[in-house]
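Enquirer: Take this structure first; my questions come after.
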Amino acid sequence: MLNFLRIFCVSLLLNLLAPHPSMAADDALFTINVDVANVRNGPSRSTRVVETASAGQVFYALGRNTDSDWLRVSADRNTSPDTWIFASLGVLSIDIERLPIVTQSPPQSTIAAVATPTPIARAARPAVAASYYPANAPVGLPSLSARARQIYAQGLAYGRSAQMFMIAGDSNSEHPQFFDRVSLGWYGLASYPNLPNILARWDAGARRQDANASVSVRGGLSAAEMVMPFSHPSCASGESRFICELRLSNASVVFIQLGTGDKFAWREFENNMRSMINHAIAYNVLPVLVTKADSIEEYQGGAPSGYINAVIRKLAADNQLPLLDFYLATSTLPTVPNPDLPHRPFTQHGLLDEWGYYFHLSDQAKSLRVLMTLLTLESIAR
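Each residue of the sequence shown is one higher than the one before, counting from 37 in the numbering used here.
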């Protein structure tokens, strides 16, 4: 019996040490470690998204670009598609320098056809909503006080990046609902010809959002969660999400667009927001406070009507900070029916009717918020 066990253990060990038939010894594996990652048809955030990957998904890494910030990947080790993923979205099983530098393949006619705006509209809601931009500048854009300009100028003097903005927000701020809509070309910029220049100026911030690298944006995130200690490989022990992202991003501007997730913690919202504002200013980062389109704390949390937006406006005035009044801007949007709920009433202004709950933004509201964010960045950088 003892000899049998010895033979069995030796056989098992040899089997474990032997190369696996489905995996070569030189395979470089890339494992996604964020909730959602975009796989694109080129090493740039401006290229088309061909699929999305989720946490734990594994790809074969075929090569890297010259800056080593993008990886050419494949789900099948026997194929070599021209698909790319941002390197910070996962963990590579080998040193990235061991991967060969590869260039993007010349676009084929079939790829070019897919990359045109028409197929992109396949995922859109009604075309009018997806392409919505107001003919005139929207209401609710912030003005910059002398103090706000001083905070921004001081941040640049201290080495904060003039190309980096940061977002502290919930699901309505996640990249697929926000800046990814620009890179996908879901709506034209003809009415605002300077927007491409603004995007170029703040390219680092847009790329960080594109890579889903921020620790201060996540669905359901509240101001309360933003200020509590947060465990993350990139964050120091005891750091909050907000402070961690202030440090990691080196942003010069932060858009604080929270409140929906505080529907039951609305009584603590003002103190949590004050904490975030104080930390941002201490880090020489200009906070832009953003109201929200909903009043869900009233309907579900029992708060006074418009309570959280009133707090946001008050804090902006008290601290002489820019206020992007998104609630005011969305109040100008038309109400539209929900095609999935034909027997229910129309949407609220800028909010989807989700079986009686109103807190996710409509397509029109999403594009309006992108526009207002870019116009605000333009006014700050002047």
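Every residue gets a Cβ at the ideal spot worked out from N, C-alpha and C, and that includes glycine.
Quick check on the burial criterion: 16 or more other C-beta atoms within 10 angstroms. Buried or exposed for residue 368?
Expert: Position 332 of the sequence shown holds residue 368. Exposed, by the Cβ-count rule.
Enquirer: Please classify residue 412: is it buried, with 16 or more other beta-carbons within 10 angstroms of its beta-carbon, or exposed?
Expert: For this step, residue 412 is matched to residue 376 along the sequence shown. Under this definition residue 412 is a buried residue.
Enquirer: Can you grab the Cα-Cα spacing for the pair residue 76 / residue 274, in whole Å?
Expert: Counting from 1 along the sequence shown, the entry for residue 76 is found at position 40. Counting from 1 along the sequence shown, the entry for residue 274 is found at position 238. So the two alpha carbons sit approximately 35 Å from each other.
Enquirer: Pull up the DSSP beta-bridge partners for residue 99, would you.
Expert: Reading the sequence shown from its first residue, position 63 is the one you call residue 99. Bridge partners of residue 99: 108.
Enquirer: Kindly indicate which three-state DSSP category residue 138 falls into: helix, strand or coil?
Expert: Locating residue 138 in the sequence shown gives position 102, counting from the first residue. DSSP places residue 138 outside both helix and strand once states are collapsed to three, so it counts as coil.
Enquirer: Would you tell me roughly how many angstroms separate the C-alpha atoms of residue 192 and residue 180, rounded to the nearest one?
Expert: For the purposes of this step, residue 192 is taken as residue 156 along the sequence shown, with counting starting at 1. For the purposes of this step, residue 180 is taken as residue 144 along the sequence shown, with counting starting at 1. Their backbone Cα atoms lie some 16 Å apart in a straight line.
Enquirer: Just mark residue 127 as buried or exposed, buried being the case when its beta carbon has 16 or more other beta carbons within 10 Å.
Expert: As a position in the sequence shown, residue 127 is number 91, starting the count at 1. Exposed: under 16 other Cβ atoms inside 10 Å.
Enquirer: My parser needs the beta strand (DSSP E) runs of 3 or more residues fully inside the stretch 300-370; what are they?
Expert: 322-326
Enquirer: Does the distance from the C-beta atom of residue 290 to that of residue 321 stay below 8 Å?
Expert: Taking the first residue of the sequence shown as 1, we reach residue 290 at position 254. Taking the first residue of the sequence shown as 1, we reach residue 321 at position 285. Yes, the pair counts as a contact, with Cβ atoms nearer than the cut-off.
Enquirer: Buried or exposed: which applies to residue 340, given that a residue is buried once 16 or more other Cβ atoms fall within 10 Å of its Cβ?
Expert: Against the sequence shown, residue 340 aligns to sequence position 304. Label assigned to residue 340: exposed.
Enquirer: Run through the stretch 247-287 for me and flag every whole alpha helix (DSSP H) of 4 or more residues, listed as ranges in chain order.
Expert: 259-263 and 277-285
Enquirer: CA-CA distance, residue 345 and residue 330?
Expert: Taking the first residue of the sequence shown as position 1, residue 345 is located at position 309. Taking the first residue of the sequence shown as position 1, residue 330 is located at position 294. If I take the Cα positions, the gap works out to 9 Å.
Enquirer: What residues in its chain sit with their C-beta under 6 Å from that of residue 43, if we drop five residues either side in the sequence?
Expert: In the sequence shown, the residue the question calls residue 43 occupies position 7. Low confidence applies here, because residue 43 scores a pLDDT of 47, under 50, leaving its location unreliable and the question unanswered by this model.
Enquirer: Are at least three pairs of beta-carbons, each pair with one atom in the stretch 231-245 and one in the stretch 263-272, less than 8 Å apart?
Expert: no
Enquirer: Candidates 304, 266 and 104: which alpha carbon is nearest residue 135's?
Expert: To locate residue 135, count along the sequence shown from 1; it is residue 99. Selected option, being the one with the closest Cα: 104.
Enquirer: Measure the beta-carbon distance from residue 263 to residue 308 and round it to whole angstroms, keeping in mind my assumption that it falls under 8 Å.
Expert: To locate residue 263, count along the sequence shown from 1; it is residue 227. To locate residue 308, count along the sequence shown from 1; it is residue 272. That belief holds up - the Cβ atoms of residue 263 and residue 308 are roughly 5 Å apart, short of 8 Å.
Enquirer: My output table needs one value for residue 210: the three-state DSSP class, helix, strand or coil.
Expert: What you label residue 210 is simply residue 174 of the sequence shown in a count that begins at 1. Coil at residue 210, not helix or strand.
Enquirer: List the DSSP bridge partners of residue 76.
Expert: Start at 1 with the first residue of the sequence shown, and residue 76 comes out as number 40. 85 and 120.
Enquirer: I'd like the list of long-range same chain contacts for residue 352, defined as Cβ closer than 6 Å, with 5 residues on each side in sequence excluded.
Expert: Taking the first residue of the sequence shown as 1, we reach residue 352 at position 316. For residue 352, where only same-chain residues beyond five positions count, the Cβ hits under 6 Å are 325 and 359.
Enquirer: Rounded to whole angstroms, what is the Cα-Cα separation between residue 208 and residue 64?
Expert: Within the sequence shown, residue 208 is the residue found at index 172, counting from 1. Within the sequence shown, residue 64 is the residue found at index 28, counting from 1. Rounded to whole angstroms, residue 208 to residue 64 spans 35 Å at the Cα level.
Enquirer: For residue 100, I'd like the list of residues in its chain whose CB is within less than 8 Å of its CB, leaving aside the five on either flank, ordered along the chain.
Expert: For the purposes of this step, residue 100 is identified with residue 64 of the sequence shown, where counting begins at 1. By the criterion of a C-beta distance shorter than 8 Å, residue 100 is surrounded in its chain by 106, 107, 108, 123, 132, 135, 136, 137 and 138, once the five residues flanking it on both sides are discounted.
Enquirer: Roughly how many angstroms separate the alpha carbons of residue 258 and residue 186, rounded to a whole number?
Expert: As a first step, residue 258 is located in the sequence shown; it is residue number 222 there, counting from the start. As a first step, residue 186 is located in the sequence shown; it is residue number 150 there, counting from the start. So the alpha carbons of these two residues sit roughly 29 Å apart.
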